[in-house]
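Student: Add 6 to a position in the sequence shown, counting from 1, and you land on the number used in our numbering.
No residue lacks a Cβ here, since even glycine has one placed at the ideal position from N, Cα and C.
Everything numeric in this text was worked out from a predicted model, so none of it was measured.
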Amino acid sequence: MTNIGWSGLLPELDRDSIVPLYRQIYEHLREAILAGTLPESTRLPPERTMAQRLDVNRSTVVHAYRELVADGLIEQRVGSGSRVVPQLRRGRPERAAGVPWWVTLPPWRVGEFPNVLGELAAKHQPGRISFVQGVAPGEPSPLGELAQSFARVASDPRFVLSYGDSEGYEPLRAAIAARMNARGASSVAPRNIIILTGSTQGIMIVAQSLAEPGDEIIVESPSYPGALQIFQINGLRAIPVPVDEDGMRVDHVEAILRTRRPRFIYTMPSMHNPTNATMNADRRERLATIARRAGVPIVEDDPYGPLSDRSLPPLVSLAPDHVVYLSTFSKTIAPSLRVGWLAAPRTIIERLLLRKQAHDMATSLYVQAAIVDYLDGGYDAHVAQLREELVLRRKLADAAIAEHWPQNVRAVGAPGGFYLWAATPREIRARALLDAAERLGASFLFGEAFFANSGGDHHFRLALTAVARDEIGEGIRRIGEAVTNLRA
Ligand SMILES: Cc1ncc(COP(=O)(O)O)c(C=O)c1O
7 MTNIGWSGLL
17 PELDRDSIVP
27 LYRQIYEHLR
37 EAILAGTLPE
47 STRLPPERTM
57 AQRLDVNRST
67 VVHAYRELVA
77 DGLIEQRVGS
87 GSRVVPQLRR
97 GRPERAAGVP
107 WWVTLPPWRV
117 GEFPNVLGEL
127 AAKHQPGRIS
137 FVQGVAPGEP
147 SPLGELAQSF
157 ARVASDPRFV
167 LSYGDSEGYE
177 PLRAAIAARM
187 NARGASSVAP
197 RNIIILTGST
207 QGIMIVAQSL
217 AEPGDEIIVE
227 SPSYPGALQI
237 FQINGLRAIP
247 VPVDEDGMRV
257 DHVEAILRTR
267 RPRFIYTMPS
277 MHNPTNATMN
287 ADRRERLATI
297 ARRAGVPIVE
307 DDPYGPLSDR
317 SLPPLVSLAP
327 DHVVYLSTFS
337 KTIAPSLRVG
347 WLAAPRTIIE
357 RLLLRKQAHD
367 MATSLYVQAA
377 IVDYLDGGYD
387 AHVAQLREEL
397 VLRRKLADAA
407 IAEHWPQNVR
417 AVGAPGGFYL
427 WAATPREIRA
437 RALLDAAERL
447 GASFLFGEAF
457 FANSGGDHHF
467 RLALTAVARD
477 EIGEGIRRIG
487 EAVTNLRA
């Protein structure tokens, strides 16, 4: 049995954090066990002792240990306390009779994260100006022409009464390939493309196909909360890399790759969510080069790229054999279509397709056929209008901020795009600001959701597309008033 000195291994608890204390303890011990700092068979301090040392309730430690048991990382026996499970038996909690079955379930990793998807799907509250969801704006509306496209395909049994191919409707894959070629990704052909039921499905497929639980991946910091949640559910361990006004800090990626072999690099190089930063051309080249050199693939998540007015080619054009590209019609047409796509090297298409089939067999052929019809019709004009709308909305937001926000609450992201990324001064946590703003009838997404490990408690995101255009100013004014209330 291993006994080790504990002083350096105890977690430093952040009592102001929204992450519950038990979660912080669990997270810290889990990291230490997976990293080997707490070797096999190490005996953990008894719950009562641990609680005293950390100055928390015993039930907090009980809860943390219980999570570690559920993950198969420690085992508890009456009389001999809690011990780190040997590697070989990890992940297989004992299934003896009398042990409740829910304790013996495979590791469950949801919950370390604030309830982000719940927040994203927040219900509409009358009177509240909610800058939460990154949805396409109501204006310009694709609805009229889209309805006609649906009507045209609705009576064709080929589209409605069948499943279609798992890789997707060929004319849609051809139309997407042609559009990607026009954006510089000349090597992408229909055979590289799989149609997805939302690009969220692609993130899940990639997380399951390119990595295994426990593997490390590189993510941006901040990053898209939905992706962080998917990575976490799949047990992937995020190495965060900062983002500045020119996109991901590729020099940090380079430094990490000198000593570690993450499974992939997840990045949003164009109109990054939430900062709206676009990676400059030099960094794109550099990232493509180092990914090729290190043999680490890039997952390029590009829902906003088709809306960008900058003509930077996607990463997939620079390193076609090292990039899995993801995009979607959620932002350019409507999220309810649930249609996105991935483009990948042929060498891994089969592996990705098997997962796709396991998820849902095929994406709705009916919807795909309607999109093909719409792409031939009003789509391009709609996207052009949408670009203008985004610029206009950001101008309205900037004017309202200049008028209503004290100078130390700032918009820090790049202009344009769906989102406005903002920072609060040291004395105001974004969570507290959200509470105050909600009391005045405005809401937004708090910053912690965008960080894989820690950070973001002084940042927040406004989705400028989520509200009516003429509500932007009033919503921002309410947030300014909330800041004033908090300082009073
Ligand atoms: C970066 C990013 N990736 C993926 C998605 C999800 O897209 P979809 O609706 O296609 O699942 C979003 C939605 O906000 C996003 O911002």
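Within this structure, are the beta carbons of Ala244 and Val225 separated by less than 8 Å?
Tutor: As a first step, residue 244 must be located in the sequence shown, where it is residue number 238. As a first step, residue 225 must be located in the sequence shown, where it is residue number 219. Result yes, Cβ atoms of Ala244 and Val225 sit closer than 8 Å.
Student: List in chain order: all unbroken alpha helix (DSSP H) runs of 4+ residues lying wholly within the segment 284–317.
Tutor: You should have 287–300.
Student: Buried or exposed for Glu496, please, with buried defined as at least 16 other CB atoms from any protein chain shown within 10 angstroms of its CB.
Tutor: The displayed coordinates of the chain run from 7 to 494. Any statement about residue 496 would go beyond what the structure contains.
Student: Beta carbon of Phe466, beta carbon of Ala428: below 8 Å?
Tutor: As a first step, residue 466 must be located in the sequence shown, where it is residue number 460. As a first step, residue 428 must be located in the sequence shown, where it is residue number 422. Going by C-beta atoms, Phe466 is nearer than 8 Å to Ala428.
Student: Could you please give me the residues that DSSP links to Gln82 through a beta bridge?
Tutor: Here the question's residue 82 lines up with position 76 in the sequence shown. Paired residue(s): Ser88.
Student: For a quick check, are the C-beta atoms of Ala4 and Phe156 less than 8 Å apart?
Tutor: Since the first residue shown for the chain is 7 and the last is 494, residue 4 is missing from the structure and cannot be characterised.
Student: With hydrogens ignored, establish whether the beta-carbon of Tyr230 is closer than 7 Å to any heavy atom of ligand 1.
Tutor: As a first step, residue 230 is located in the sequence shown; it is residue number 224 there, counting from the start. Under cutoff, so the answer is yes.
Student: Give the secondary structure of His328 by DSSP, where H, G and I count as helix, E and B as strand, and everything else as coil.
Tutor: Here residue 328 refers to the residue found at position 322 when the sequence shown is read from its first residue. Looking at His328 - three-state DSSP - the assignment turns out to be helix.
Student: Among Val302, Glu394, Asn63, which residue has its Cα nearest to the Cα of Pro26?
Tutor: Taking the first residue of the sequence shown as 1, we reach residue 26 at position 20. Of the listed residues, the one whose Cα sits closest to Pro26 is Asn63.
Student: Report yes or no: do three or more beta-carbon pairs, one from the segment 193–204 and one from the segment 169–182, lie closer than 8 Å?
Tutor: Output reads yes: the segment 169–182 touches the segment 193–204.
Student: Below 8 Å on the Cβ atoms is my guess for Val473 versus Phe237; work out the distance and round it to an integer in Å.
Tutor: Within the sequence shown, residue 473 is the residue found at index 467, counting from 1. Within the sequence shown, residue 237 is the residue found at index 231, counting from 1. The pair is not a contact, with the Cβ atoms about 30 Å apart (cut-off 8 Å).
Student: Using only CA atoms, which one of Tyr385, Gly481, Glu356, Gly208 lies nearest to Trp411?
Tutor: Position 405 of the sequence shown, counting from 1, holds the residue named residue 411. With distances taken between Cα atoms, Trp411 lies closest to Gly481.
Student: Thinking C-beta only, is Val305 closer than 8 Å to Val330?
Tutor: Taking the first residue of the sequence shown as 1, we reach residue 330 at position 324. Taking the first residue of the sequence shown as 1, we reach residue 305 at position 299. Against a cut-off of 8 Å, the Cβ pair of Val305 and Val330 comes out as a contact.
Student: Give me the Cα-Cα distance between Tyr230 and Thr281, rounded to the nearest whole angstrom.
Tutor: For the purposes of this step, residue 230 is taken as residue 224 along the sequence shown, with counting starting at 1. For the purposes of this step, residue 281 is taken as residue 275 along the sequence shown, with counting starting at 1. If you take the alpha carbons of Tyr230 and Thr281, they lie about 10 Å apart.
Student: Under 8 Å between the Cβ atoms of Tyr385 and Val159?
Tutor: As a working note, residue 385 is residue 379 in the sequence shown. As a working note, residue 159 is residue 153 in the sequence shown. The answer is no: Cβ separation not under 8 Å.
Student: Do you know whose CA, among Phe452, Leu470, Asp77, lies nearest Pro219's CA?
Tutor: Position 213 of the sequence shown holds residue 219. Ranking the options by Cα distance to Pro219, first place goes to Asp77.
Student: Examine the Cβ distances between the segment 339–346 and the segment 286–306 and report whether three or more of them are shorter than 8 Å.
Tutor: Too few Cβ pairs lie closer than 8 Å, so no.
Student: Taking all protein chains shown into account, do 16 or more other C-beta atoms lie within 10 angstroms of the C-beta of Glu409, making it buried, or fewer, making it exposed?
Tutor: Here residue 409 is taken as the residue at index 403 of the sequence shown, counted from 1. So Glu409 counts as exposed.
Student: Tell me the rounded alpha-carbon separation between Arg316 and Pro309.
Tutor: Numbered from 1 along the sequence shown, position 310 holds the residue referred to as residue 316. Numbered from 1 along the sequence shown, position 303 holds the residue referred to as residue 309. Distance between the alpha carbons of Arg316 and Pro309: 15 Å.
Student: So, helix, strand or coil for Met254, using DSSP?
Tutor: Position 248 of the sequence shown holds residue 254. If DSSP states are grouped into helix, strand and coil, Met254 belongs with the strands.
Student: Determine the direct distance from the alpha carbon of Pro163 to that of Arg264, and round the result to whole angstroms.
Tutor: Here residue 264 is taken as the residue at index 258 of the sequence shown, counted from 1. Here residue 163 is taken as the residue at index 157 of the sequence shown, counted from 1. Approximately 55 Å between the Cα atoms of the pair.
Student: Which of the three DSSP states is assigned to Arg185 in this structure?
Tutor: On the sequence shown, position 179 is the one that residue 185 refers to. In this structure, Arg185 counts as helix in the three-state DSSP scheme.
Student: Going by beta carbon distance, what residues of the same chain come within less than 6 Å of Met56, once the five residues before and after it are set aside?
Tutor: What you label residue 56 is simply residue 50 of the sequence shown in a count that begins at 1. Contacts found: Val67.
Student: For Thr1, is the classification buried or exposed, using 16 other Cβ atoms within 10 angstroms of its Cβ as the cut-off for buried?
Tutor: Since the displayed the chain opens at 7 and closes at 494, residue 1 lies outside it and no answer follows.
Student: In this structure, how does DSSP classify Ile339 when only helix, strand and coil are distinguished?
Tutor: Counting from 1 along the sequence shown, the entry for residue 339 is found at position 333. In the structure shown, Ile339 sits in coil (DSSP, three-state: anything other than H, G, I, E or B).
Student: If you drop the 5 nearest sequence neighbours on each side, which residues of the same chain put their C-beta closer than 6 Å to that of Ile485?
Tutor: Taking the sequence shown and counting its residues from 1, the one referred to as residue 485 is at position 479. Only Ala443, Ala448 meet the Cβ criterion.
Student: What is the DSSP secondary structure of Phe452, reduced to helix, strand or coil?
Tutor: Residue 452 sits at position 446 when you count from the first residue of the sequence shown. It is a strand residue.
Student: So, does the segment 200–215 touch the segment 343–350, judging by three or more C-beta pairs under 8 Å?
Tutor: Taking 8 Å as the limit for Cβ pairs, the verdict is that the segment 343–350 does touch the segment 200–215.
Student: Note the first and the last residue of the continuous alpha helix (DSSP H) segment covering Glu145.
Tutor: To locate residue 145, count along the sequence shown from 1; it is residue 139. Looking at the DSSP string, Glu145 is not in any alpha helix (DSSP H), and its letter there is neither H nor E.
Student: Consider the C-beta atom of Met254 and the heavy atoms of ligand 3; say whether any pair is separated by less than 7 Å.
Tutor: In the structure shown, ligand 3 is absent; the only ligands present are ligand 1.
Student: Would you tell me roughly how many angstroms separate the C-alpha atoms of Leu74 and Tyr32, rounded to the nearest one?
Tutor: Stepping through the sequence shown from its first residue, residue 74 is reached at position 68. Stepping through the sequence shown from its first residue, residue 32 is reached at position 26. Computed Cα separation, rounded: 7 Å.
Student: Tell me which same chain residues have a C-beta within less than 6 Å of the C-beta of Val166, skipping the five on either side of it?
Tutor: Numbered from 1 along the sequence shown, position 160 holds the residue referred to as residue 166. Result list for Val166: Tyr372, in chain order.
Student: Cutting at 6 Å between CB atoms, please list the residues of its own chain near Leu44, excluding the five before and the five after it.
Tutor: Within the sequence shown, the letter at position 38 stands for residue 44. Within the same chain, Leu44 has close Cβ partners Ala38, Val90.
Student: Roughly how many angstroms separate the alpha carbons of Asp171 and Ala364, rounded to a whole number?
Tutor: By one-based count along the sequence shown, residue 171 stands at place 165. By one-based count along the sequence shown, residue 364 stands at place 358. About 13 Å.
Student: Take Ile182 and list the residues in its own chain whose beta-carbon comes closer than 7 Å to its own, dropping the five residues that flank it on each side.
Tutor: Within the sequence shown, numbered from 1, the residue matching residue 182 stands at position 176. Once the five neighbours on either side are set aside, the close Cβ partners of Ile182 are Ile199, Trp347.
Student: With respect to 7 Å, is the separation between the Cβ of Pro341 and the closest non-hydrogen atom of ligand 1 below this value?
Tutor: In the sequence shown, the residue the question calls residue 341 occupies position 335. Pro341 Cβ: within cutoff of ligand 1.
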